[in-house]
Every structure is written in C-alpha cells, then in structure tokens.
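Residue 588 in this note's numbering sits at position 34 of the sequence shown; the count goes up by one each step and never skips.
The beta-carbon is built from N, C-alpha and C at its ideal position, and this holds for glycine as well.
None of the values given here were measured: they were computed from a predicted structure.
Okay, structure first, notes after.
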Amino acid sequence: MSERRVIRNIPAHQVSAQGDLRPTCRERGASTIEYVAMTVLTGILVLALIAVPAAPQLRGTISDLICEITSYLPGGGGGECGGDLLTEEDFQTRCTISSTSQNAGSTVDIAWVSLGGDAGLSWKEYSDGEFHVTIMDGYSAGANVNTGVTWGENVTVGGASANAGIELGYGNGDTWVFDDREEAQAFVDDMQGYVDSNWNYVPVLGPIFNSPPEPPGEPNVTHHQFSLEGDVGGNASLRPGFQSDKDEDGNRQHSGSFSHDWLPSISGSASLNGNVNVATTHGEDPADTTRAYTFTGNFSAQAGGGVYEWDFDPQYQVEQSFTVVEDANGEIIGLTFTAGTVTGTSGDYTSEVYSTSIDIESDAQREVVMDWMSDPVGGLPAGVLPNAQGITEPPEDLSGSAQYYPTPDGSQSLNPLEQLMYERGVTTHDVHSGVSEDGGFGFRAKILGVGGGYGRNTGSSEETLEESNYLAPPDYPGGSREFQPNPNC
C-alpha cells in the first residue's frame, strides 16, 4: 500500500522552538503576488474541471493538482490528497477459475454430547496463474437433543421426529501458494493420503495423530478459525409397521416395518452459523506481514422428501462477511465486504457471490473506517454493513437501501464509508457452478437409558467459474457505475 504525500524540505530556521511553522519575512513580502497567482491558477483549473465532465481521468488529475496546489497555502490541508488515482485496470481484479475441496472426519455421541474432528484439503486456481493449496484440521464439541412420536398403537402408520443442537468449533491450517500447476498438483497428490488416512475416523484424537507429509516450504498463510453453529431439523413419513403388546417392563416384545417407497415422506433442516477466521500472510520481510480478520454469518436450509418415484432435495444458503486487514504495525490497510447465495440441490448447485474491497491508503481513509467500526448506526453496536454489491449510483440518486446521513438542507447523502466505496471500491460479481457429494455412515444405541453413537463422514465439492463481472468506475465524478465483463477471466 502506498501513500501519496506532498513532501517539502523546510529549512530549520523556519521552524519555531515549539515546532510549528511560521511565515518568514520573505513570505510576508511576497504573499500579494504569489497567493494571487495561485488563486487565479486554481480558478482556471476549477473552470476546466466543470467544463470537462466527460473526461474522468483528466478531471481526476485536475482534482489532485488542485489539492497539491492548495496544500502549499496556509491551512491548505497538510499535503495529504487521498490515495493513488485508480485506473480502469485497478477495478479489474483476478478471479477464481476453479476450486476443489474434500474432507473426512468422525463424531462420537455420549448422551447429549457430541465430539468430532476432521481433516480437509482444498485447492484453488486463479486467473493470474496462481494456485493455492490449503490443509485444515477441525475440532468440534456440541450438544443435541432428539424427540420423536409414532402414529398408531399395535399397527403403526407413520412417525415424526425433531432435533436441535449447538456446536462450538475450532480449526487451524496453512496455505501454500504455487506459480506452477505441476508443482501444485504434486503437492495435492502428497496431501491426498493425509485426508484419506484412517486416523481421520478416530473421533477427536484422530487429527492429532494424523500428521501431513513434509511440505515444500514454509506456508504463505496461516489460519485459525472459531465457529458457533446452531441447527434444527425434523422429518415425517408414512412407514407402516407393527408392534406387539408390551411386556411387564413396558417394552415391546416384537416390532417390524414394511418398506413402501411409494408412500410420502418429508424432512427439513436449518442452521445458523457464525465464525471468525484469522489469516496471517507471511512476507519475506516481517514488516510485510499482514493479518486479516474475517467475520462471517451463514444461514442454510435444506428439505427432502418424495412420493412414489419422485423425490426432491432443494437447498438454499446465504452468507455475508466482512474482512479487516491490518499491516505489521496494526494499522488498517484494507476492507472487504462479501455477500453470497447457494441454490440448487444437495448434488448440483449454483454459487453467486458479490464482493467489494477497498485499499486504505491514507490517514483520512483510515479515520473513515475507524469511525464506521466504532460509532453506532441505527442503535446497532457497530456500523451497518454496506452493500457488498457496490455503490453504483452517485449520492443524490442512490436508492433507499443505503445508510443515508441527513444534510443541513434536508437532503440525504451517503455516509463517509459508502462514499469511499463509491469512489474507490473494487466490486466483483462471480457465478460458479458446483457439484458436491456427501457420504459416510453411523449408528446410535441406548444402553441402560444412556445414549451413545458413532458417525463417519466424508464430503467433496468442485466449482467452476461460469461468469465474472466487475463494477466499472464512473464515466465522470458523480456518474453511475455499471457491471462489465471482467477481461481477466
């Protein structure tokens, strides 16, 4: 991140003992000519700025030039004129061409408590030729309750059940970055045995004893993730069966069921998840190390059922997150807002993601971000998340979905962060098609009224880019921004 500053060498005799700047005798004698000249020049540039509304690059250059000229005047603003000028190419970022992931793990249930662990492997290909390979270990602990009911006495005609649970999770892992496809693939092949290891099916302790192969070098990124998830689910079906009379202890002596696939059944589940991911990107120089904090909220719902030879299993997922990036000194240097949805079935799905990123390149921009993060908006403990789809219209024409601030004349305008997003936000809209597959098995039993069980699970997914667009800069300051195809993808 670079910062544009007007740097002046100030002779020592012009600085007072208190450290402030004081005009010299020569400045006082020449102010009539020099300041009038600067005022006239600035006036000419302002007229040119108004007269050329359709030349955004020239207009931006003139704006910066005015800022630099006025910074030399007493009280002219300290010489900081915002971040570097953005070009059209700056808004055209790289995109994810494809991604693949797989995981394997297990859980053990003791009464109402569930403990689990898993290992995951993922790799992504980017449009700039980079390949990212990530391995993650995960650990979880939660509690769940189940209840059910059957319809009928000696001969049952169906039943229903419901469940609810809460789970805490922790994960850690590393990412390696490759510029060569063959090297990345070789590393993935080495790590395949790590995911396929039977240690992953030993609850809780498995990931501790499952050591990955020797990596090609130190990781580029280190991850730590903390999560909290709550879920509810239920199902109902018509499944004819029979139960004989109860014995003296109240237990059924015999029971059975008949399989009739043509009878209706239905199920559904929903979950709410929140997590925090801390990703440290290691630079060759420790001073270049950055740390990104990502806060994510996720809601997902899934249904299933069928009758005769027809069945269905739709799913829907929505996720929002924002990321704060800090440099080695703890100063904020970037923000990213992301919103995405997943629709389809449990096997085939479509993922649609909007993302807006801002590089923080000046103290003034950093102050805007800090104000947004600390000041309540609308009674909330922190600023309301801006629209991840980008601010596409100038302040006076923006739709009512934004967080407006009232102005003295009664009109409304963008808050400072949204204004910064409109001017410098790099926004993308990507659509991926995906295929996922889940597997595994499990059992659950009760002994003396105490429940116990074991589950083994595997999963994999593959995504391919179908469409990528970027939000182009306005044709002129105050103009609208429109999505255009991303030439990098």
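Who are residue i's beta bridge partners in DSSP?
i            : result
residue 847  : 832, 878
residue 868  : 899
residue 974  : DSSP output for residue 974 lists no bridge partner at all.
residue 1039 : 1023
residue 736  : BP columns for residue 736 are empty, so no partner.
residue 786  : 718, 824
residue 689  : 675, 728
residue 853  : 826, 872
residue 991  : 1014
residue 653  : 678, 1017
residue 779  : 725, 831
residue 768  : Answer by DSSP bridge pairing: none, since residue 768 is not bridged.
residue 531  : Not covered by the structure: residue 531. The range shown for the chain is 555 to 1043.
residue 660  : 671, 1010
residue 698  : 719
residue 906  : 895, 985
residue 886  : 880
residue 858  : 821
Do residue i and residue j have their CB atoms nearer than 8 Å?
i            : j            : result
residue 984  : residue 1022 : yes
residue 781  : residue 825  : no
residue 1055 : residue 1014 : Nothing can be reported for residue 1055: it is not among the residues displayed for the chain, which extend from 555 to 1043.
residue 717  : residue 784  : no
residue 719  : residue 693  : no
residue 981  : residue 944  : yes
residue 660  : residue 1040 : no
residue 989  : residue 902  : yes
residue 873  : residue 851  : yes
residue 654  : residue 885  : no
residue 821  : residue 859  : yes
Spatial neighbours of residue i within its chain, please: CB distance less than 8 Å, with the 5 preceding and 5 following residues excluded, ordered by chain position.
i           : result
residue 742 : 675, 677, 687
residue 840 : 882
residue 745 : 675, 687, 689, 766, 767
residue 755 : 658, 659, 660, 1010
residue 836 : 772, 773, 774, 775, 776, 843
residue 757 : 660, 661, 662, 669, 670, 671, 1008
residue 666 : 697, 698, 699, 1005
residue 646 : 1024, 1040, 1041, 1042
residue 979 : 910, 911, 912, 944, 945, 1025
residue 939 : 874, 876, 891
Whole-angstrom Cβ separation of residue i and residue j, contact assumed at under 8 Å?
i           : j            : result
residue 896 : residue 834  : About 28 Å separates the two Cβ atoms, so there is no contact after all.
residue 996 : residue 1009 : 3 Å
residue 691 : residue 747  : Incorrect: roughly 15 Å between the Cβ atoms, too far for contact.
residue 912 : residue 920  : The pair is not a contact, with the Cβ atoms about 11 Å apart (cut-off 8 Å).
residue 779 : residue 827  : Contact doesn't hold; Cβ gap of about 11 Å is too wide.
Looking only at its own chain, which residues have a Cβ that is under 6 Å from the Cβ of residue i, when we skip the five neighbours before and after it?
i            : result
residue 750  : none
residue 651  : 679, 681, 1019
residue 760  : 671, 753, 754
residue 831  : 779, 848
residue 1046 : The structure shown has nothing for residue 1046, since the chain only spans 555 to 1043.
residue 632  : Note that residue 632 scores 41 on pLDDT, short of 50, meaning its location in the model is unreliable; the coordinates nonetheless yield the value given after this. Correct list: empty, nothing qualifies.
residue 721  : 694, 696, 783
Among residues of its own chain, excluding the 5 on either side of residue i, which ones have a beta-carbon nearer than 7 Å to its beta-carbon?
i            : result
residue 763  : 753
residue 868  : 857, 899
residue 906  : 894, 895, 985
residue 1035 : 944, 946, 1025, 1026, 1027, 1028
residue 1003 : Here the model assigns residue 1003 a pLDDT of 44, short of 50, so the residue's position is not dependable and the matter cannot be decided.
residue 1043 : 649, 681, 1019, 1022
residue 1038 : 1023, 1024, 1026
residue 738  : 677, 685, 687, 732
residue 928  : none
residue 994  : 1009, 1010, 1011, 1012
residue 769  : 730
residue 923  : 886, 889, 914, 971
Contact between the region 843–853 and the region 867–886 (3+ Cβ pairs under 8 Å): With a cut-off of 8 Å, the region 867–886 and the region 843–853 count as touching, because enough Cβ pairs lie within range.
Segment contact flag, the region 679–696 with the region 725–744, C-beta cutoff 8 Å, min 3 pairs: Between the region 679–696 and the region 725–744 there are three or more C-beta pairs closer than 8 Å, enough to call the two in contact.
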